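> In the numbering used here, the protein residues as written are 451 to 875. A virtual CB, placed ideally from N, CA and C, is assigned to each residue, including glycine. On a predicted model such as this, the values are computed, not experimentally measured, just so you know. Take a look at this one; I'll ask things after.
And the structure:
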């Protein structure tokens with residue numbers, strides 16, 4: 451038994467409400483179950499209950515056992531002074547408030563029908579299942595599923611916005627600096643994301659800005675801070691960048707101790723950090739105020755144009771320093787821009803709108819819905835269960851569903867889980 455299930459039973463009154471009694475034989479009549487609280491404090495606020503001959507207005511706290519009140523130290527917490535009813539599954543001790551006044555206790559177990567318990571057990575009998583509801587999820591109406599997925603997508607955006615807010619505070623409200631760090635991280639992709647992010651954080655954005663109009667100097671700064679210019683070499687371009695970086699490093703007192711080493715192993719050459727850093731430099735040489743352009747752009751085509759860059763000339767015939775290769779243009783692909791939109795651009799547009807106190811849901815929904823679904827094992831598995839991802843909104847949403855609900859057995863907080871358990875009760 452989980453407290454979440456008791457919350458569900460109380461919230462939806464999935465029990466016999468006609469003859470409720472406290473452990474002291476006082477009748478309980480529910481006028482309002484209260485507002486479900488998902489943060490710290492009592493579980494339900496502003497409930498209205500007739501207990502005995504008196505109408506009470508206050509909070510309701512729910513536990514598996516009465517003694518959990520003391521396990522959680524509620525008797526010392528003033529936030530629980532206004533609890534008017536303690537709802538439990540098992541009563542094993544009397545409970546008192548901080549002022550030693552007794553709290554009426556309602557044991558819910560005798561009033562819950564066996565069908566409700568069976569439905570709960572059926573949902574949570576996971577065995578070897580990938581998710582609890584994998585045998586039933588395709589029976590849920592597509593309208594419910596699609597609405598839930600859209601809500602999950604914005605829940606995922608909220609989580610990313612919290613991270614961006616912390617970064618904004620660290621960068622003293624400099625949105626350009628925050629965007630640079632996020633772009634850098636995502637240019638590194640999964641393998642080098644942490645390395646690229648540590649590189650971005652090792653450079654004060656004002657220093658980066660000073661070199662934005664000069665591509666060789668900007669590449670020298672990025673490659674130098676990435677510790678990719680420390681080896682020996684005879685290539686004129688390499689030697690030129692080395693010289694430029696020595697000057698920049700000394701002038702601005704740059705340090706590289708905190709920069710995570712770049713990885714080349716098991717990467718396709720187009721994703722080598724050398725190629726991605728050169729492309730990132732070109733983005734900032736081409737676009738002088740990237741953040742402003744990101745905020746102003748509304749369509750996916752505008753973003754494809756914003757990131758329509760290729761490497762500098764040297765990298766057309768190289769993947770690593772001092773090792774020539776067959777000449778080829780190395781442009782940022784639309785598929786790569788889609789990843790930037792999903793992981794950087796849309797989250798920062800969402801965060802900036804929140805910062806200004808504006809709504810951006812419709813614009814961002816249109817933008818994320820214009821991006822094809824990501825392809826990964828979780829998206830594929832949900833597809834086999836008839837939850838198909840047609841757009842990146844869906845693929846991001848099912849990632850949120852799997853990690854924050856399915857994996858944590860939070861079926862009772864899930865719209866799909868609620869539909870399925872309601873059918874059984």
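I need the straight-line Cα distance from residue 602 to residue 454, nearest angstrom please.
Sequence index remark: in the chain shown, residue 602 carries index 152 (1-based). Sequence index remark: in the chain shown, residue 454 carries index 4 (1-based). The straight-line gap from Cα to Cα measures roughly 19 Å.
> Is the CB of residue 789 under 8 Å away from at least one CB in chain C?
Given the protein chain composition of this structure (a single chain), no chain C is represented.
> My output table needs one value for residue 452: the three-state DSSP class, helix, strand or coil.
Against the chain shown, residue 452 aligns to sequence position 2. Reduced to three states, the DSSP call for residue 452 is coil.
> Kindly indicate which residue of 794, 748, 473, 566 has the alpha-carbon position closest to the one of residue 606.
Counted from its first residue, the chain shown places residue 606 at position 156. Closest option to residue 606, Cα to Cα, is 794.
> Can you tell which of 796, 673, 536, 751 has the C-alpha that lies nearest to the C-alpha of residue 614?
Sequence index remark: in the chain shown, residue 614 carries index 164 (1-based). Ranking 796, 673, 536, 751 by Cα distance to residue 614 puts 796 first.
> Spatial neighbours of residue 669 within its chain, please: C-beta separation below 8 Å, excluding the five flanking residues on both sides.
As a first step, residue 669 must be located in the chain shown, where it is residue number 219. Excluding positions up to five away in sequence, the list reads 691, 727, 728, 731, 762.
> Could you tell me whether the Cβ atoms of residue 864 and residue 573 are closer together than 8 Å?
Within the chain shown, the letter at position 414 stands for residue 864. Within the chain shown, the letter at position 123 stands for residue 573. Not in contact: residue 864 and residue 573 (Cβ atoms no closer than 8 Å).
> Helix, strand or coil for residue 615? Go by DSSP, reduced to three states.
As a working note, residue 615 is residue 165 in the chain shown. Helix.
> Using the rule of at least 16 other Cβ atoms within 10 Å of the residue's Cβ for burial, across every protein chain shown, is residue 559 buried or exposed?
Translated into positions along the chain shown, residue 559 becomes position 109. Classification of residue 559: exposed, given that the 10 Å Cβ count is below 16.
> Take residue 541 and list the residues in its own chain whose beta-carbon comes closer than 7 Å to its own, dropping the five residues that flank it on each side.
Along the chain shown, read from residue 1 onward, the residue named residue 541 stands at position 91. Hits under 7 Å: 473, 516, 555, 557.
> Would the beta-carbon of residue 535 fall within 8 Å of that of residue 501?
Taking the first residue of the chain shown as 1, we reach residue 535 at position 85. Taking the first residue of the chain shown as 1, we reach residue 501 at position 51. Yes, the Cβ-Cβ distance between residue 535 and residue 501 is below 8 Å.
> Buried or exposed: where does residue 674 fall if 16 or more other Cβ atoms within 10 Å of its Cβ makes it buried?
Here residue 674 refers to the residue found at position 224 of the chain shown. Buried, by the Cβ-count rule.
> So, do the segment 781 to 792 and the segment 692 to 710 have three or more beta carbon pairs nearer to each other than 8 Å?
Contact fails: fewer than three Cβ-Cβ distances are below 8 Å.
> Is there contact between the segment 494 to 510 and the segment 478 to 485, where contact requires at least three CB pairs shorter than 8 Å?
Output reads yes: the segment 478 to 485 touches the segment 494 to 510.
> Along the chain, which unbroken stretches of the alpha helix (DSSP H) at least 4 residues long are found entirely within the segment 616 to 688?
Runs found: 625 to 637, 639 to 651, 655 to 660, 665 to 675.
> How big is the Cα-Cα spacing for residue 529 and residue 505?
Residue mapping note: residue 529 aligns to position 79 of the chain shown, counting from 1. Residue mapping note: residue 505 aligns to position 55 of the chain shown, counting from 1. Residue 529 and residue 505: Cα-Cα distance of roughly 21 Å.
> Which residue or residues does DSSP assign as beta-bridge partners of residue 494?
For the purposes of this step, residue 494 is taken as residue 44 along the chain shown, with counting starting at 1. Partner(s): 486, 510.
> Taking just the CA atoms, how far does residue 828 sit from residue 852?
For the purposes of this step, residue 852 is identified with residue 402 of the chain shown, where counting begins at 1. For the purposes of this step, residue 828 is identified with residue 378 of the chain shown, where counting begins at 1. The alpha-carbon atoms of residue 852 and residue 828 are separated by roughly 8 Å.
> Would the segment 711 to 727 count as touching the segment 739 to 752 if we require 3 or more Cβ pairs under 8 Å?
Too few Cβ pairs lie closer than 8 Å, so no.
> So is residue 642 buried or exposed if we call it buried at 16+ other beta carbons inside 10 Å?
Residue numbering aside, residue 642 sits at position 192 when the chain shown is read from its first letter. So residue 642 counts as buried.
> Buried or exposed for residue 401, please, with buried defined as at least 16 other CB atoms from any protein chain shown within 10 angstroms of its CB.
This structure cannot speak to residue 401, because the chain is shown only from 451 to 875.
> Strictly by DSSP, which residues pair up with residue 552?
The residue labelled residue 552 in the question sits at position 102 within the chain shown. Answer is 546, bridged to residue 552.
> How would you call residue 518, buried or exposed, if buried means at least 16 neighbouring beta carbons within 10 angstroms?
Residue numbering aside, residue 518 sits at position 68 when the chain shown is read from its first letter. Result: buried.
> Could you check what DSSP says for residue 707 in three-state terms: helix, strand or coil?
What you label residue 707 is simply residue 257 of the chain shown in a count that begins at 1. Residue 707 falls in the coil class under three-state DSSP.
> Give a yes or no on whether the C-beta atoms belonging to residue 847 and residue 599 are separated by under 8 Å.
Counting from 1 along the chain shown, the entry for residue 847 is found at position 397. Counting from 1 along the chain shown, the entry for residue 599 is found at position 149. Yes. Within cutoff.
> May I ask you to report which of helix, strand or coil DSSP gives residue 841?
As a working mapping, residue 841 is identified with position 391 in the chain shown. It is a strand residue.
> Please determine, among 695, 687, 686, the residue with the shortest C-alpha to C-alpha distance to residue 676.
Residue 676 sits at position 226 when you count from the first residue of the chain shown. Of the candidates 695, 687, 686, the one whose C-alpha sits nearest the C-alpha of residue 676 is 695.
> List the DSSP bridge partners of residue 504.
Within the chain shown, the letter at position 54 stands for residue 504. DSSP output for residue 504 lists 501 as bridge partner(s).
> For residue 526, name the three-state secondary structure that DSSP assigns.
For the purposes of this step, residue 526 is taken as residue 76 along the chain shown, with counting starting at 1. Helix at residue 526.
> Please state whether DSSP places residue 466 in a helix, a strand or coil.
By one-based count along the chain shown, residue 466 stands at place 16. Three-state result, residue 466: coil.
> For my contact list, residue 817 and residue 791 are in at a C-beta cut-off of 8 Å; report their separation, rounded to the angstrom.
As a working mapping, residue 817 is identified with position 367 in the chain shown. As a working mapping, residue 791 is identified with position 341 in the chain shown. Sure, about 7 Å apart at Cβ, within 8 Å.
> Let me know the secondary structure DSSP gives residue 760 once reduced to three states.
Here residue 760 refers to the residue found at position 310 of the chain shown. DSSP places residue 760 in strand when its eight states are reduced to three.
> Taking residue 866 as the reference, give the member of 778, 754, 596, 538 with the closest Cα.
One-based indexing of the chain shown puts residue 866 at position 416. Nearest option by C-alpha distance: 596.
> Can you give me the Cβ contacts of residue 803 inside the same chain, cut-off strictly under 6 Å, excluding the 5 residues immediately before and after it?
For the purposes of this step, residue 803 is taken as the residue at position 353 of the chain shown. Once the five neighbours on either side are set aside, the close Cβ partners of residue 803 are 810.
> Enumerate in chain order the residues of its own chain whose CB-to-CB distance from residue 819 is below 8 Å, with the five nearest sequence positions on each side excluded.
By 1-based counting over the chain shown, the position of residue 819 is 369. So the qualifying residues of the chain are 841, 842, 843.
> For residue 535, which beta-bridge partners are listed by DSSP?
Working through the chain shown from its first residue, we reach residue 535 at position 85. Bridge partners of residue 535: 510.
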